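Okay, so here's the structure we're looking at.
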């Protein structure tokens, strides 16, 4: 490595690491503010909080890395320009593109890391983070017995404390406990003058040590009442027993306050928890639902017409024809699988496993791109479309048609036709709604698939903006570069959000909505690169004064 390349890389790597950590921290704190109310008061240990912050920190990396590249590029080349180091390097005959080359290759390396992170680490981190966040939301608030208020957090128990002493609030005065664990009302009450509260066994149990009080128990007065042998007409007899104590220990189970984890399989279907391979599988599955809905609509269309166009004379679109053949091929594989499974019950199961693997490997995209499979399916398809022969044109046929036109039209005929038209419209509308929902679901997965790539390549786009712009501005530090990077990041964020919104609404395709931000900012970066190569002074007043003078001279000559 040449000394110049080493110097440029050392100037970039330090600011990049610093800005990356700062950006991740800022984005993480901004994201965690949404869940602040769900976390506070739950009595979480530091390990759980650290785990949550760690996973959400990884989840922020797709946004943080391009912004860190932009900010570090601005700082690096701003410092080089401010201290005239960039001018000295150019004066020695080194072009700007040669100066950018070592950092550009390093950014390519960062792009590959970003892709690996976005495709593998981020989905797993999102699964861990959001499943943990869901469990935290479901967790009970931490044990907090306040003065003068009944606490009902422990199941089937109500506790009231008049006063609390000591720094740890473990000394109590005026304690009342209602025990409802037998589901028979307020029949067991404990009253104590004072007490002490503590937890043990890793805070799984609460122990109340009570002093100088009474235990009240309301129950049956006779042995027959207690054993359930009293007569039907005999009125139940209740009694109240009071037990005085000088010291009593009461233990309550706090297992309901523990953080219980939910099975992560309930969250794995979300698009943020899927990598590109899984997203592609989801897209194929939803696309099959879309095509299946359209095929069902085309096949059921002849039932909409009673007299006119009884037989479907409109040919299926080619994609639906291929999908129909694909379904027919899957049905044949399934039948072969059932037959092989029946045979394997008495012989070897290798054939059944082979057919099952064949079915799993046969996707619609692979099927329609294989001419041999399509040709074979056309020849061996199970269902043959019915070909309707046109009626022979003769005098008898024309006479029957003319007689139909002479039938008088009644109100009942019109009403029946209108009702059937409404029914047909509702069927078509319902079918279209189902298809639209499937298409929206497919678009969501397509957007996420493209985002994994676009967020990775955004590192290159941000470098092409930051490095030339830093060379033009010639201001280092965190002042001007930070403001400029925030400005471009806001533009990038708004373009991305608006593009995703339009794509999900069906206004534009998924790839154009996601890639619009990168494409627009790429041209801006190339413009800045061109200006930096010719040492344009875009951010100096003299540059605009010269342009203004040229315009004035041009207009004065015309006049």
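In our numbering, the protein residues as written are 60 to 618. Virtual Cβ for every residue (Gly too), placed ideally from N, Cα, C. Keep in mind it's a predicted model, so treat the numbers as computed, not measured.
Could you name the residues of the same chain whose beta carbon sits closer than 7 Å to that of residue i, not counting the 5 residues immediately before and after it, in chain order?
{"i": "residue 98", "result": "195"}
{"i": "residue 214", "result": "315"}
{"i": "residue 166", "result": "128, 518, 519, 522"}
{"i": "residue 178", "result": "334, 335, 511"}
{"i": "residue 184", "result": "114, 117, 118"}
{"i": "residue 101", "result": "195, 198, 200, 201"}
{"i": "residue 255", "result": "229, 230, 231, 268"}
Whose CA, out of the options, lies closest to the CA of residue i?
{"i": "residue 487", "options": "533, 513, 562, 357", "result": "357"}
{"i": "residue 334", "options": "531, 191, 512", "result": "512"}
{"i": "residue 268", "options": "278, 225, 310, 244", "result": "310"}
{"i": "residue 171", "options": "538, 563, 516, 540", "result": "516"}
{"i": "residue 622", "options": "312, 210, 240", "result": "Since the displayed the chain opens at 60 and closes at 618, residue 622 lies outside it and no answer follows."}
{"i": "residue 107", "options": "317, 354, 383", "result": "317"}
{"i": "residue 587", "options": "327, 156, 81, 79", "result": "156"}
{"i": "residue 543", "options": "158, 529, 484", "result": "529"}
{"i": "residue 75", "options": "384, 340, 465, 540", "result": "540"}
{"i": "residue 181", "options": "538, 122, 349, 212", "result": "122"}
{"i": "residue 545", "options": "93, 133, 71, 94", "result": "133"}
{"i": "residue 276", "options": "565, 237, 173, 489", "result": "237"}
{"i": "residue 235", "options": "220, 243, 245", "result": "220"}
Could you compute how far the alpha carbon of residue i sits from the alpha carbon of residue j?
{"i": "residue 527", "j": "residue 120", "result": "24 Å"}
{"i": "residue 125", "j": "residue 519", "result": "8 Å"}
{"i": "residue 338", "j": "residue 330", "result": "7 Å"}
{"i": "residue 163", "j": "residue 521", "result": "11 Å"}
{"i": "residue 175", "j": "residue 116", "result": "16 Å"}
{"i": "residue 83", "j": "residue 73", "result": "16 Å"}
{"i": "residue 359", "j": "residue 111", "result": "52 Å"}
{"i": "residue 64", "j": "residue 154", "result": "13 Å"}
{"i": "residue 270", "j": "residue 262", "result": "23 Å"}
{"i": "residue 324", "j": "residue 187", "result": "11 Å"}
{"i": "residue 138", "j": "residue 89", "result": "29 Å"}
{"i": "residue 247", "j": "residue 239", "result": "7 Å"}
{"i": "residue 192", "j": "residue 91", "result": "10 Å"}
{"i": "residue 332", "j": "residue 378", "result": "31 Å"}
{"i": "residue 494", "j": "residue 353", "result": "7 Å"}
{"i": "residue 525", "j": "residue 608", "result": "30 Å"}
{"i": "residue 563", "j": "residue 241", "result": "55 Å"}
{"i": "residue 321", "j": "residue 189", "result": "11 Å"}
{"i": "residue 109", "j": "residue 77", "result": "21 Å"}
{"i": "residue 369", "j": "residue 474", "result": "A caution first: residue 369 carries a pLDDT of 48, below 50, which makes its placement in the model too unreliable to give a value."}
{"i": "residue 67", "j": "residue 135", "result": "8 Å"}
{"i": "residue 204", "j": "residue 218", "result": "8 Å"}
{"i": "residue 419", "j": "residue 340", "result": "Note on residue 419: pLDDT 49, under 50, position unreliable in the model; the coordinate value appears next. Approximately 11 Å between the Cα atoms of the pair."}
{"i": "residue 476", "j": "residue 382", "result": "34 Å"}
{"i": "residue 350", "j": "residue 327", "result": "25 Å"}
{"i": "residue 465", "j": "residue 490", "result": "37 Å"}
{"i": "residue 93", "j": "residue 243", "result": "42 Å"}
{"i": "residue 30", "j": "residue 319", "result": "Examination of residue 30 is not possible in this model, given that the chain is present from 60 through 618 alone."}
{"i": "residue 80", "j": "residue 212", "result": "40 Å"}
By Cβ distance, which residues of its chain are closer than 6 Å to residue i, with the 5 residues on each side in sequence left out?
{"i": "residue 258", "result": "265"}
{"i": "residue 274", "result": "249, 302"}
{"i": "residue 416", "result": "Bear in mind that the predicted position of residue 416 carries a pLDDT of just 48, short of 50, making it too unreliable to give a figure here."}
{"i": "residue 253", "result": "232, 270"}
{"i": "residue 612", "result": "none"}
{"i": "residue 594", "result": "none"}
{"i": "residue 548", "result": "126"}
Bridge partners of residue i, per DSSP?
{"i": "residue 483", "result": "DSSP lists no partner for residue 483."}
{"i": "residue 301", "result": "275"}
{"i": "residue 230", "result": "224, 255"}
{"i": "residue 217", "result": "237"}
{"i": "residue 268", "result": "255, 308"}
{"i": "residue 250", "result": "235, 273"}
{"i": "residue 210", "result": "218"}
Ordered along the chain, which non-local residues of its own chain (more than five positions away) have a Cβ less than 8 Å from that of residue i?
{"i": "residue 222", "result": "206, 231, 232, 233"}
{"i": "residue 345", "result": "497, 500, 501, 504"}
{"i": "residue 585", "result": "523"}
{"i": "residue 581", "result": "520, 523"}
{"i": "residue 405", "result": "Residue confidence for residue 405 is low, a pLDDT of 49 falling below 50, so the modelled location carries little weight and cannot support an answer."}
Does the distance between the C-beta of residue i and the nearest non-hydrogen atom of the ligand ATP fall short of 8 Å?
{"i": "residue 308", "result": "Within the structure as shown, the ligand ATP is missing, as the structure has no ligands at all."}
Could you check whether the Cβ of residue i sits closer than 9 Å to any Cβ belonging to chain D?
{"i": "residue 315", "result": "In the displayed structure, chain D is absent; only one protein chain is listed."}
Could you tell me whether the region 500-510 touches the region 564-572, where touching means 3 or more Cβ pairs closer than 8 Å? yes
With three or more C-beta pairs closer than 8 Å as the rule, is the region 127-134 touching the region 197-207? no
Kindly confirm or deny that the region 570-590 and the region 544-557 touch, where touching means at least three C-beta pairs closer than 8 Å. yes
Specify whether the region 305-313 and the region 474-485 touch according to this definition: at least 3 beta carbon pairs, one from each stretch, less than 8 Å apart. no
Inspect the CB distances between the region 138-146 and the region 529-544 and report whether three or more fall short of 8 Å. yes
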